[in-house]
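K.L.:
The listed protein sequences correspond, in order, to chains R and S.
Read in order, the letters of the first sequence correspond to residues 941 to 1047 in the working numbering.
Read in order, the letters of the second sequence correspond to residues 24 to 170 in the working numbering.
Cβ coordinates follow ideal geometry from the N, Cα and C atoms, glycine included.
Given the structure is predicted, the values throughout are model-derived calculations rather than measurements.
Structure in structure tokens, see below.
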Amino acid sequence: MAVEIKIKGEVVYAYLSGELDHHSAAFMRQAIDSAIELNMPTLLIMDFENITFMDSSGIGLVMGRYRNLSKSGAVLNITGVSRQMYKMMEMAGLNRLAKIEQQSNER
Amino acid sequence: MEVTNRFNMNFLSRSANEAFARAAVAAFAAQIDPTLEEISDIKTAVSEAVTNCIVHGYKEKMGKIYISAEILDNNTLRVKIKDKGAGIENIKRAMEPLFTTVGGERAGLGFAVMQSFMDNVSVRSAKDKGTTVTLTKRITPRYSING
């Protein structure tokens, strides 16, 4: 599990990879939150393209970052989600809080 | 339905074991030839149940988690995930989507995800004795074209 942070202007990109569960979510949360605190973006893009496994801890990670961003009025976009991840995100109503783009290579 | 195969294991409630537990059950289930999507469903449901044992059962303290997985003769996987921790006072409420007792970073979706990805989820729990979650999923038989 890893998070790669890239910054372009007022946008923070967080490229997540590996398995996202309760164990790895804590590390990812810290990495993203410190990038938000440091850069104060107007837009955070969380990319799930290279996540190989995700349980509901991923939903908690997204919801927590959404809450964090909305304090300063910043917006959250989510990219690269698989069909199964989308199913969980929809269950939590995340599609009403953030723009979600599914993986381009989904059948 | 008869049990044709079974394995048991137990491990400490360290969060590092979440990945191990779901991978072990998925590897055991491989003998009834699940699709990649079915494997992913099984791994996700097991991960939710094991995380519940760690976060709620033992409240991040060390305890033992017990998993017993069985293959039934109609191509069905049955997995029991048990802790000897706090127990659930109100199972019905615990199973409601978005309900969580810990707040913060937990979405409260554990049981909803288990129910959505498995055919059946049953919960037995007693206060201060622990919780057993039983997950069942039938794997659709596939036939190889190469014979």
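With C-beta atoms as the reference, is T155(S) less than 7 Å away from K105(S)?
P.N.:
Cβ distance < 7 Å, so T155(S) and K105(S) count as in contact.
K.L.:
Does the beta carbon of G108(S) sit closer than 7 Å to a beta carbon anywhere in chain R?
P.N.:
Output row for G108(S): interface = no.
K.L.:
What does L1001(R) reach in chain S if we use C-beta pairs closer than 8 Å?
P.N.:
E128
K.L.:
Going by beta-carbon coordinates alone, are F140(S) and G131(S) separated by less than 7 Å?
P.N.:
no
K.L.:
Give the range of the beta strand (DSSP E) segment to which E1030(R) is assigned.
P.N.:
Careful: E1030(R) lies outside any beta strand (DSSP E), inside the alpha helix (DSSP H) at R1023 to M1031.
K.L.:
Would E83(S) count as contacting chain R if we go by Cβ distances under 7 Å?
P.N.:
no
K.L.:
Please confirm whether T157(S) and S145(S) have their CB atoms less than 7 Å apart.
P.N.:
Yes, Cβ-Cβ distance for T157(S) and S145(S) is below 7 Å.
K.L.:
How long is the line joining the alpha carbons of S1044(R) and S974(R), rounded to whole angstroms?
P.N.:
29 Å
K.L.:
Which value, in whole angstroms, describes the spacing of the CA atoms of K82(S) and G133(S)?
P.N.:
16 Å
K.L.:
Give me the chain R residues within the contact set of P120(S), using Cβ-Cβ distance strictly less than 9 Å, ordered along the chain.
P.N.:
M1031 and A1032
K.L.:
Verify the CB distance criterion: does A72(S) have a CB-CB separation below 7 Å to chain R?
P.N.:
Output row for A72(S): interface = no.
K.L.:
According to DSSP, simplified to helix, strand and coil, what is F122(S)?
P.N.:
coil
K.L.:
Just how far apart, CA to CA, sit E13(S) and H79(S)?
P.N.:
This structure cannot speak to residue 13(S), because chain S is shown only from 24 to 170.
K.L.:
On the CB-based measure, 16 or more other CB atoms within 10 Å of its CB, does V69(S) come out buried or exposed?
P.N.:
Buried, by the Cβ-count rule.
K.L.:
What residues from the stretch 56–80 of chain S come within 8 Å of chain R, judged by C-beta to C-beta, listed N to C?
P.N.:
E60, S63, D64, K66, T67, S70, E71, T74, I77 and V78
K.L.:
Kindly list the residues whose CB is nearer than 7 Å to the CB of G153(S), restricted to its own chain and excluding five residues on each side of it in sequence; keep chain order.
P.N.:
G80, K105, D106, K107, G108 and G110
K.L.:
Among A966(R), L956(R), G958(R) and V952(R), whose alpha-carbon lies nearest the alpha-carbon of S38(S)?
P.N.:
A966(R)
K.L.:
Going along the chain, which residues of its own chain have a beta-carbon closer than 8 Å to the beta-carbon of G170(S), five neighbours each way excluded?
P.N.:
With a pLDDT of 48 at G170(S), under the threshold of 50, the predicted position of this residue should be treated as unreliable, though the coordinate-derived value follows. Nothing listed; no residue qualifies.
K.L.:
Check the DSSP bridge columns for N1017(R) and list the partner residues they point to.
P.N.:
I985(R) and K1039(R)
K.L.:
How would you list, in chain order, the residues of chain S whose beta-carbon sits under 7 Å from the beta-carbon of M980(R)?
P.N.:
Per Cβ cutoff of 7 Å: no residues; M980(R) is ~21 Å from chain S at best.
K.L.:
Which of the three DSSP states, helix, strand or coil, is assigned to T67(S)?
P.N.:
helix
K.L.:
Taking I991(R) as the reference, give the member of K946(R), G1020(R), V951(R) and M1029(R) with the closest Cα.
P.N.:
From the listed residues K946(R), G1020(R), V951(R) and M1029(R), the smallest Cα separation to I991(R) is found for G1020(R).
K.L.:
In angstroms with no decimal places, state the Cα-to-Cα distance between K1027(R) and L95(S).
P.N.:
28 Å
K.L.:
Just to confirm the assignment, what range does the beta strand (DSSP E) spanning A149(S) have?
P.N.:
N143 to A149
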